[in-house]
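Heads up, the sequence shown is in this note's numbering, so the first residue is 229 and it goes up one at a time.
Note that beta-carbon positions come from the ideal geometry of N, C-alpha and C, so glycine has one too.
Values in this document were obtained by computation on a predicted structure and should not be read as measured data.
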Amino acid sequence: MMSHMTTTALRVVPYTRDYRATFNDMMFFSSYMHLHLDWSHVDTWLHSDDAIAYVALYHDRAIGFLGASRPIMGKTWIRVAVFKDETAIMPALYSLWDAIQQTLILLQATDIYWMIFDDWLYNPLSRLGLSSVDEVITFVRYNSPMLISTTPYTIRSANMNDVDVLFEIDKQAFAPMWQMTHDDMRYARRVASVCTMALHGDEIVGFQLSTMHHHNGHLARLAVLPKMQGKGVGSALVSDLVRYFNRRHLDYVSVNTQLSNTASQHVYTKLGFVRNGYDMPIWGIPLTKS
Numbered sequence: 229m230m231s232h233m234t235t236t237a238l239r240v241v242p243y244t245r246d247y248r249a250t251f252n253d254m255m256f257f258s259s260y261m262h263l264h265l266d267w268s269h270v271d272t273w274l275h276s277d278d279a280i281a282y283v284a285l286y287h288d289r290a291i292g293f294l295g296a297s298r299p300i301m302g303k304t305w306i307r308v309a310v311f312k313d314e315t316a317i318m319p320a321l322y323s324l325w326d327a328i329q330q331t332l333i334l335l336q337a338t339d340i341y342w343m344i345f346d347d348w349l350y351n352p353l354s355r356l357g358l359s360s361v362d363e364v365i366t367f368v369r370y371n372s373p374m375l376i377s378t379t380p381y382t383i384r385s386a387n388m389n390d391v392d393v394l395f396e397i398d399k400q401a402f403a404p405m406w407q408m409t410h411d412d413m414r415y416a417r418r419v420a421s422v423c424t425m426a427l428h429g430d431e432i433v434g435f436q437l438s439t440m441h442h443h444n445g446h447l448a449r450l451a452v453l454p455k456m457q458g459k460g461v462g463s464a465l466v467s468d469l470v471r472y473f474n475r476r477h478l479d480y481v482s483v484n485t486q487l488s489n490t491a492s493q494h495v496y497t498k499l500g501f502v503r504n505g506y507d508m509p510i511w512g513i514p515l516t517k518s
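Next up, the structure:
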């Protein structure tokens, strides 16, 4: 049926809670699913103010969902996409893409990005006009001693009262496409296994935020004030973190960074991290008013 889909029977509507059960079923059963949420459960995110989401209906039956986050300084990401089956992908995606672009442009979005986790996305995204803009690469450091070097920075734990400061550092440290919302920062600090800050005198100049899963650790966020970058703040934070994980006998610690971010790669390789080959392409496209 889907291969002979008629556009007159296809329409797009904003996502509402009425589609919650259908969405959850499709996410569970479909082989054509994309999910890119760092700090929120998909159900929580879909019903938050951050979500811009639409449903594609064919003869009033849902065949696809597409959701993007609200733009931060013009930059936004596709956070969720799911389609009933392979033949539904392009008819649904074309319609959903048009609807979500129009809304994002009204919200002053200038660029939209899509992180690719699965091969099935390449052809649809190419047909939409997206192309490669960068790549997320993964480094790991297996449990081994970390040499202690002298540092002018004091490392101390960050608690929920520090979230506002962490958020301001994060905004300054990252380009808009990588920035977190304040809600994300609060949630990240709440669920983090360890979060520490680096102080230069009385000034907080950087922080790291990490999680633990079974016997592995993951450095989820490392941010340093621009004026202090290249001065050993990141190395001090990561060194302290690695020693923390080593004391707990974790097998390894992982971290993601961008292929274009050679400065962060230098920090990690200097501290004994190596690439593990788990890379995720980032595709994007500028949004233009029609």
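1) Pull the bridge partners of serine 438 from the DSSP assignment, please.
2) On the DSSP bridge assignment, give the partners of leucine 284 in chain order.
3) Check this for me: beta carbons of isoleucine 397 and leucine 450, under 8 Å apart or not?
4) For serine 360, which of helix, strand or coil comes out of DSSP?
5) Determine the closest residue to valine 332 out of Ser377, Thr379, Asp347, Ala279, with distance taken between C-alpha atoms.
6) Could you spell out where the beta strand (DSSP E) holding proline 509 opens and where it closes?
7) List, from N- to C-terminal side, the alpha helix (DSSP H) runs of 4 residues or more that fit wholly inside the stretch 441-503.
8) Going by alpha carbons, who is nearest to tyrosine 286 out of Asp392, Gly512, Asn444, Thr236?
9) Assign isoleucine 328 to one of three DSSP states: helix, strand, or coil.
10) Let me confirm a value: serine 323 is counted as buried when at least 16 other C-beta atoms fall within 10 Å, else exposed. Which label applies?
11) Quick one: measure Cβ to Cβ for glycine 302 and alanine 337, integer angstroms, because I've assumed they're closer than 8 Å.
12) Around the C-beta of aspartate 507, are 16 or more other C-beta atoms found within 10 angstroms, so that it is buried, or is it exposed?
13) For methionine 408, is the classification buried or exposed, using 16 other Cβ atoms within 10 angstroms of its Cβ as the cut-off for buried?
14) Does DSSP put tyrosine 370 in a helix, in a strand, or in coil?
15) Over what stretch of residues does the beta strand (DSSP E) that includes phenylalanine 311 continue unbroken?
16) Evaluate contact between the stretch 263-280 and the stretch 348-368, counting only Cβ atoms and requiring at least three cross-stretch pairs below 8 Å.
17) Which word fits alanine 491, buried or exposed, when buried means at least 16 other C-beta atoms lie within 10 angstroms of its C-beta?
18) What do you reckon, are the CB atoms on methionine 374 and arginine 471 nearer than 8 Å?
19) Please work out which residues of its chain come closer than 6 Å, Cβ to Cβ, to isoleucine 300, disregarding the five sequence neighbours upstream and downstream, and give them in chain order.
20) Going by the DSSP bridge assignment, what does tryptophan 342 pair with across the sheet?
21) Please report the distance separating the alpha-carbon of phenylalanine 473 from that of glycine 434.
22) Identify the continuous alpha helix (DSSP H) that holds threonine 272 and give its terminal residues.
23) Report yes or no: do the stretch 383-392 and the stretch 494-504 share at least 3 C-beta pairs separated by less than 8 Å?
24) Tell me the rounded alpha-carbon separation between aspartate 186 and methionine 456.
25) According to DSSP, is arginine 245 helix, strand or coil?
26) From isoleucine 340 to leucine 353, what does the alpha carbon distance come to, in whole angstroms?
Well, looking at it:
1) Locating residue 438 in the sequence shown gives position 210, counting from the first residue. Beta-bridge pairing links serine 438 to Val422, Leu447.
2) Stepping through the sequence shown from its first residue, residue 284 is reached at position 56. Leucine is not the amino acid found at residue 284; the sequence shown has alanine there. DSSP, once it has assigned bridges, lists Val240, Gly292 as partnering alanine 284.
3) The sequence position of residue 397 within the sequence shown is 169, counting from 1. The sequence position of residue 450 within the sequence shown is 222, counting from 1. No, these two residues do not count as a Cβ contact at 8 Å.
4) As a first step, residue 360 must be located in the sequence shown, where it is residue number 132. Three-state result, serine 360: strand.
5) By 1-based counting over the sequence shown, the position of residue 332 is 104. Looking at the sequence itself, residue 332 is leucine, so the reference to valine does not match. Leucine 332 has its Cα closest to that of Ala279, out of Ser377, Thr379, Asp347, Ala279.
6) Numbered from its first residue, the sequence shown carries residue 509 at position 281. Counting along the chain, the beta strand (DSSP E) containing proline 509 begins and ends at 508-514.
7) DSSP runs (the alpha helix (DSSP H)) wholly in the stretch 441-503: 461-475, 490-498.
8) Along the sequence shown, read from residue 1 onward, the residue named residue 286 stands at position 58. Considering only alpha carbons, the answer is Thr236.
9) One-based indexing of the sequence shown puts residue 328 at position 100. Under the three-state reduction of DSSP, isoleucine 328 is assigned to helix.
10) Taking the sequence shown and counting its residues from 1, the one referred to as residue 323 is at position 95. With 16 or more Cβ atoms within 10 Å of its Cβ, serine 323 is classed as buried.
11) The count along the sequence shown starts at 1 and reaches residue 302 at position 74. The count along the sequence shown starts at 1 and reaches residue 337 at position 109. Going by Cβ atoms, the distance from glycine 302 to alanine 337 rounds to 6 Å, so yes, they are a contact pair.
12) Here residue 507 corresponds to residue number 279 of the sequence shown, with the count starting at 1. Looking at its Cβ environment, which holds fewer than 16 other Cβ atoms inside 10 Å, aspartate 507 is exposed.
13) Position 180 of the sequence shown holds residue 408. Buried, by the Cβ-count rule.
14) By 1-based counting over the sequence shown, the position of residue 370 is 142. Correct three-state label for tyrosine 370: strand.
15) Along the sequence shown, one-based indexing puts residue 311 at 83. Its beta strand (DSSP E) spans residues 303-311.
16) With the cut-off at 8 Å, the stretch 263-280 and the stretch 348-368 do not touch.
17) Along the sequence shown, one-based indexing puts residue 491 at 263. Answer is exposed; the Cβ neighbour count stays below 16.
18) Within the sequence shown, numbered from 1, the residue matching residue 374 stands at position 146. Within the sequence shown, numbered from 1, the residue matching residue 471 stands at position 243. In contact: methionine 374 and arginine 471 (Cβ atoms closer than 8 Å).
19) To locate residue 300, count along the sequence shown from 1; it is residue 72. So the list reads Pro404, Gln407, once near-sequence residues are dropped.
20) Taking the first residue of the sequence shown as 1, we reach residue 342 at position 114. Paired residue(s): Trp511.
21) As a working mapping, residue 473 is identified with position 245 in the sequence shown. As a working mapping, residue 434 is identified with position 206 in the sequence shown. If I take the Cα positions, the gap works out to 19 Å.
22) As a working mapping, residue 272 is identified with position 44 in the sequence shown. Start and end: 270-274.
23) no
24) The shown model of the chain, from 229 to 518, leaves out residue 186, and the question about it has no answer.
25) Locating residue 245 in the sequence shown gives position 17, counting from the first residue. In the displayed model, arginine 245 falls within a helix according to three-state DSSP.
26) Translated into the one-based positions of the sequence shown, residue 340 becomes position 112. Translated into the one-based positions of the sequence shown, residue 353 becomes position 125. Taking the straight line joining both Cα atoms gives about 12 Å.
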